[in-house]
Amino acid sequence: MANPRRSVFRPCIDLHNGQVKQIVGGTLSDNTPDTLKINFVAEQSACEFATIYRKRKLTGGHEALAAWPGGLQIGGGISGENAQVWLDAGASKVIVTSYLFPKGVFSLERLQSLSKTIGKERLVVDVSCRRRGDKWLVAMNKWQDITDMEVSKENLDMLAEYCSEFLVHAADVEGLCQGIDGELVKKLGEWVSIPTTYAGGAKDISDLDLVNTLSGGKVDLTFGSSLDIFGGRVSFEKLVEKNTLLS
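Note that the working numbering has the sequence shown beginning at 495, numbered continuously upward.
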């Protein structure tokens with residue numbers, strides 16, 4: 495019998511105004527830039543981080559292209575008009591959120607059209623969300639605008655017909671390094687049927703094991719502000735070693 499799948503570490507490169515930065519996600523806003531809380535600003539370029547990931551064969555990360563054509567995904571402003579351009583530029587997949595929610599209302603037509611145009615295998619749907627009561631609602635536009643879509647099994651099953659992966663930032667804990675949203679991770683493990691990466695709040699290498707336990711190995715984890723290459727304390731090299739042991 496094949497070994498059961500285990501959660502692995504997935505890389506990321508977060509860009510803001512052209513620089514690699516780690517930001518407390520809930521403070522992002524167009525209207526109040528003075529409240530933006532930045533945890534880290536890198537001296538290195540996005541391409542340098544992409545090269546690090548390439549050397550260690552960490553595929554499926556988001557978001558830089560030139561240093562590793564075909565190895566990384568890109569998100570941010572992706573639409574039906576530019577998705578193929580980014581794929582032609584070297585993205586392995588494109589990540590889309592806001593385009594699917596004109597005026598905050600989900601458009602199945604846009605999703606179907608985009609999936610048909612580029613192929614579902616090249617499409618990642620970002621269902622990053624904010625908690626409202628006992629529910630999680632998809633958030634867009636720097637996670638400031640709440641859409642009409644609840645993150646639920648029914649909706650994830652529907653979306654999975656048109657994409658190959660989900661990306662889920664827990665925006666309420668993103669960048670805080672105070673722990674993951676364990677309830678959300680557990681629910682994702684129960685709900686998802688395609689590869690899924692969770693981001694938000696990871697603070698220790700043991701969080702990878704926690705995500706594995708909570709999700710039954712169905713959800714992968716990305717580290718941001720807590721990672722040592724981004725100014726934090728979690729060892730990037732130890733995470734790479736852990737991935738190797740799990741493979």
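Where is the CB? At the ideal position from N, CA and C, for every residue including glycine.
Under DSSP, methionine 634 forms a beta bridge with Asp639. With respect to the C-alpha of tyrosine 593, the residue from Leu581, Lys587, Leu608 and Ser586 having the closest C-alpha is Leu608. Burial is judged here by how many other beta carbons sit within 10 angstroms of a residue's own beta carbon; arginine 504 has at least 16 and is buried. Shown here, alanine 665 sits in coil according to DSSP, grouped into three states, outside any helix or strand. The C-beta separation of glycine 695 from glutamine 672 comes to about 6 Å, placing the pair in contact by the 8 Å criterion. Counting along the chain, glutamine 567 sits inside the beta strand (DSSP E) bounded by residues 566-569.
A residue is called buried once 16 or more other Cβ atoms fall within 10 Å of its Cβ, and serine 687, having fewer, is exposed. In the three-state reduction of the DSSP assignment, aspartate 651 falls in the helix class, which pools H, G and I. C-alpha of leucine 702 to C-alpha of tyrosine 656: approximately 28 Å in a straight line. Per DSSP, the unbroken alpha helix (DSSP H) holding tyrosine 547 starts and ends at 540-549. Here the alpha carbons of glutamate 659 and glutamate 615 stand approximately 8 Å from one another. For the 9 Å CB-CB criterion, valine 645 and phenylalanine 600 do not form a contact. Distance from the CA of glutamine 578 to the CA of arginine 499, rounded to the nearest whole angstrom, comes to 31 Å. With 16 or more other Cβ atoms inside 10 Å of its own Cβ, aspartate 666 counts as buried. Counting other Cβ atoms within 10 Å of its Cβ, glutamine 567 reaches 16 or more and is therefore classed as buried.
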